[in-house]
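Novice: Residue numbers (the working numbering), protein chains in the order written: chain A, 847 to 1253; chain B, 847 to 1253. A virtual CB, placed ideally from N, CA and C, is assigned to each residue, including glycine.
Okay, structure coming up:
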């Protein structure tokens, strides 16, 4: 933000903002006109609701995830695992992540994350004094063998009781675009079940599906809720903000007892509950079909923008820079040769800024983990907010900055 | 909530919900129709904003408090104390209170509150492992001499360094309806300044003005921001939710550095920032005059409902029950004779429930404080949500329950 203000001509390939041109202005106006037409339908939008969430929205959300999972043909989508009374509606999925951390994590606890992972979650861990362990990310999800090795080591060090949670961003991951295959989710749950006795408490899998609905290529993948061992062990979160409108802060999460009761109590202390106005808007958007129509438009739009970005990458980036075609989400992860630093204090970052283009240095997406050195030669490029023209220009500028590097 | 569901015919004089019949359904529809008419005005509602708050809303809110304070003729309303860059917009003032607690309070810290006080704030303190000290509330605000004595005692016990905050609900207080006079705010700040050296850090006054705009009788009172010693020591919070619509979660607070920077970082971890949609709605409501018109209507409405409640109290309650005429807000505090218990497990509470009327037991509004015994013979009655008819019926039922007491 600060950089963007100081460099007005800056093209940001860094921001996690979504596409402006497709924001559902007309649809939202129409939904409010309808909802607020009469007092009887309008009053509930303007009054307090309960802390857990609008029952209609909880039910619709639970049913939606169930049907998405069932359609994949993977795992077993058991209805009871999606019970609306395990649902919590939050001000964005970010708030759900925060509540889970507040509910479950004490200073000195350990959380396993992907290497790299969603950097704002790392901010939450840091603020709670929680240690991280990073697990290498492969093209189909985390390296399960390395997870096994880390768990074995924690057990040997008698620190397994401090482990509470494995956090995975499983669909079109922020920052790499990676989707975790179902087999790996199942394997993670098997491992967690295996080590639970030594830990002395449940080991939870927190599955962050924030980008699941932004898939524009390939088949969907079943959530960990459908896996054997998923019952009572999986916390699943998603959001309506990114697929509909980020100004409408409505996220959701499923979580088992006793976590949910504790999280609801904390949510009550935060804000009593998510804004009724926002919840009714989303419930009506889902019910009327406006949401699904919008998501389809958005998927097509992001597919086009991803294509624009990757075409530009092929044209302007040196050939020894690695990246993969995205199949959804908003991000492409580019990997420079190892000796090539990309961090905030690197010459490359400064040269890119001189050329008025901004990326997220990959380093920021690695949890501080005393057991390994964090890579510093990667970058996250977003095709979410920039226009197609800006994507082309931005990548050309980035290519110029890279061309000046000594390889 | 749970009780209300099990007793459908229940009249709740307990809920902090606001009046349904005056919820601004038409106004909100009109504001959205206007804001979402064109893409250029609509897009900002649907996109992420910054974490601190919509600049236009920050500026308007700061100016509003300044002009309210200046109009009182009390204290000195210095513009710099209301700088928009000290403002933080939150999902209700509740979130502001939570962020302040997270920013400032560690387990084992001490917070001074009024006896009685806003009970959800007590929930926050409890969840953070913070100790409370209750200060007797007089008709014009807390007993300043007792505050002095408590501070002296903390200093003598060498515990003053654990004190961080004095929390006062200064306008039409929840739960008693008490408004703190300006002289007492100034006296509290004098005391805090006096004891600061012994504490070794700033002692803050957190002024909760949630009900300030719901005044329907008597003059306004200047905030503590205008008092000598207020600079850098006062945190002031208010809300647009209660005066406009509780389904629209928009509150605000002013806080000095370094607290604000820390609170903004935590808010970023919570939810990135308050929903743009809600903030633009409120900014436009303020700008267009719709908000002020609504507040005037609401004040008149609450004045009438307060009158309805107190008329019923005079008719149906035994004469030895004490209460005061409210001048704003939504609550009347009733005090039974001391031997008469009113708590959740008391015969009176159960008899009231049998007669299908609910009140908030006064006991819940007292902080657990090892240095005094919490009274258990009071009740909070709300005229916010119940209709005038329900108020009459509810008080009649309460009178019947009270008539069965052995006095």
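1. Is the region 1157-1167 of chain B touching the region 1192-1202 of chain B, taking contact as three or more C-beta pairs under 8 Å?
2. Just to confirm before moving on: does the CB-CB distance between residue 1117/A and residue 940/B stay below 7 Å?
3. Please determine if the region 919-937 of chain B and the region 1083-1101 of chain B are in contact, where contact requires at least 3 C-beta pairs separated by less than 8 Å.
4. Please classify residue 1223/B as buried or exposed, where buried requires at least 16 neighbouring CB atoms within 10 angstroms.
5. Among the candidates 920/A, 926/A, 977/A, 896/A, whose CA atom is the shortest distance from the CA of residue 947/A?
6. Terminal residues of the continuous alpha helix (DSSP H) containing residue 1114/A?
7. Relative to chain B, which residues along the region 931-965 of chain A have a C-beta separation below 7 Å, given in chain order?
8. Report yes or no: is there a C-beta of chain B within less than 7 Å of the C-beta of residue 1106/A?
9. Can you tell which of 891/B, 1235/B, 1078/B has its C-alpha closest to the C-alpha of residue 1130/B?
10. Determine the chain A residues that contact residue 1203/B at a beta-carbon separation under 8 Å, and present them in chain order.
11. Residue 879/A versus chain B: which residues are under 8 Å apart at the beta carbon?
12. Residues in the same chain with beta-carbon distance under 6 Å from residue 1015/B, minus the five sequence neighbours each way, listed in chain order, please.
13. Classify residue 1136/A: buried if its beta carbon has 16 or more other beta carbons within 10 angstroms, exposed otherwise.
14. Any idea if residue 1125/A is buried or exposed, counting beta-carbon neighbours within 10 angstroms, 16 or more meaning buried?
15. Express the C-alpha separation of residue 1057/A and residue 1229/A in angstroms, rounding to a whole number.
16. Under the DSSP definition of a beta bridge, which residues are partnered with residue 933/B?
17. When Cβ atoms are compared, which residues of the region 1068-1101 of chain B fall closer than 7 Å to chain A?
18. So, is residue 1047/A buried or exposed, given that buried needs 16 or more other C-beta atoms within 10 angstroms?
19. With DSSP collapsed to three states, give me the class of residue 1042/A.
20. For residue 1008/A, collect the residues of the same chain with a Cβ closer than 7 Å to its Cβ; drop the 5 residues on either side in sequence, then sort them by chain order.
21. List the residues that DSSP assigns as beta-bridge partners of residue 1052/B.
22. Quick check on residue 1059/B: buried or exposed, where buried means 16 or more other Cβ atoms within 10 Å of its Cβ?
23. Counting only the same chain and skipping the five closest in sequence on each side, list residues whose C-beta sits under 8 Å from that of residue 1122/B.
24. In three-state terms, what does DSSP make of residue 1148/B?
25. At a CB-CB cut-off below 8 Å, which residues of chain A make contact with residue 870/B?
26. Which residues bound the alpha helix (DSSP H) around residue 999/A?
27. Give me the Cα-Cα distance between residue 1090/A and residue 984/A, rounded to the nearest whole angstrom.
28. Kindly list, in the order they appear in chain A, the residues whose Cβ is closer than 8 Å to that of residue 866/B.
29. Measure the Cβ-Cβ separation of residue 1073/A and residue 1030/A and say whether it is below 7 Å.
30. Can you find at least 3 beta carbon pairs, one from the region 1170-1178 of chain B and one from the region 1145-1152 of chain B, that sit closer than 8 Å?
31. Check the C-beta distance from residue 1240/A over to residue 1232/A and give it rounded, since I have them as a contact under 8 Å.
32. Please report the straight-line C-alpha distance between residue 1115/B and residue 944/A, rounded to a whole angstrom.
33. Straight-line CA distance for residue 959/A to residue 1139/A?
34. Interface residues of chain A around residue 882/B at Cβ under 8 Å?
35. From 1049/A, 993/A, 1065/A, 860/A, pick the residue whose C-alpha is nearest to that of residue 1027/A; which is it?
36. Residue 1180/B and residue 1167/B: beta carbons closer than 7 Å?
Specialist: Taking the coordinates as given:
1. In this structure the region 1157-1167 of chain B does not lie against the region 1192-1202 of chain B, because fewer than three pairs of beta carbons, one per stretch, are closer than 8 Å.
2. Against a cut-off of 7 Å, the Cβ pair of residue 940/B and residue 1117/A comes out as a contact.
3. Cβ pair count under 8 Å is three or more, so yes.
4. Buried, because 16 or more other Cβ atoms sit within 10 Å of the Cβ of residue 1223/B.
5. The residue with the shortest Cα to Cα distance from residue 947/A is 977/A.
6. Segment 1105-1117, the alpha helix (DSSP H) holding residue 1114/A.
7. Within the region 931-965 of chain A, contact with chain B at the beta-carbon level (separation under 7 Å) is assigned to 937, 938, 940, 941, 944.
8. So, not an interface residue.
9. For residue 1130/B, the closest C-alpha among the options 891/B, 1235/B, 1078/B is that of 891/B.
10. What residue 1203/B touches in chain A: nothing, since even the nearest Cβ is about 20 Å away.
11. Near residue 879/A (Cβ distances below 8 Å), the residues of chain B are 875, 878, 879.
12. Here the set comprises 964, 1054.
13. Taking every protein chain shown into account, the CB of residue 1136/A has 16 or more other CB atoms within 10 angstroms, so this residue is buried.
14. The residue in question, residue 1125/A, is buried, as its Cβ has 16 or more Cβ neighbours within 10 Å.
15. In a straight line, the C-alpha of residue 1229/A is about 14 Å away from that of residue 1057/A.
16. DSSP lists 1100/B as partners of residue 933/B.
17. Those residues of the region 1068-1101 of chain B that come within reach of chain A (Cβ to Cβ, closer than 7 Å) are 1091, 1092, 1093, 1094, 1095.
18. Counting every other CB atom within 10 Å of its CB across the protein chains shown gives residue 1047/A a total below 16, marking it as exposed.
19. DSSP places residue 1042/A in helix when its eight states are reduced to three.
20. Answer for residue 1008/A: 954, 955, 956, listed in chain order.
21. Answer is 1013/B, 1081/B, bridged to residue 1052/B.
22. Per the 10 Å Cβ criterion, buried.
23. 890, 891, 892, 893, 894, 895, 900, listed in sequence order.
24. DSSP places residue 1148/B in the helix class (H, G or I) of the three-state scheme.
25. Ordered by position in chain A, the residues that pass the 8 Å Cβ test against residue 870/B are 892.
26. Where residue 999/A is concerned, the enclosing alpha helix (DSSP H) stretches over 990-1002.
27. Here the C-alpha atom of residue 1090/A lies approximately 30 Å from the C-alpha atom of residue 984/A.
28. Correct list: 889, 893.
29. Contact flag unset, no.
30. Because the criterion of three Cβ pairs below 8 Å is met, the region 1170-1178 of chain B and the region 1145-1152 of chain B touch.
31. Right, the Cβ-Cβ distance comes to about 6 Å (below 8 Å), so this counts as a contact.
32. For residue 1115/B and residue 944/A, the gap between their C-alpha atoms comes out near 7 Å.
33. Taking the straight line joining both Cα atoms gives about 34 Å.
34. Simply 871, 872, 874, 875, 878.
35. The residue with the shortest Cα to Cα distance from residue 1027/A is 1065/A.
36. Yes, Cβ-Cβ distance for residue 1180/B and residue 1167/B is below 7 Å.
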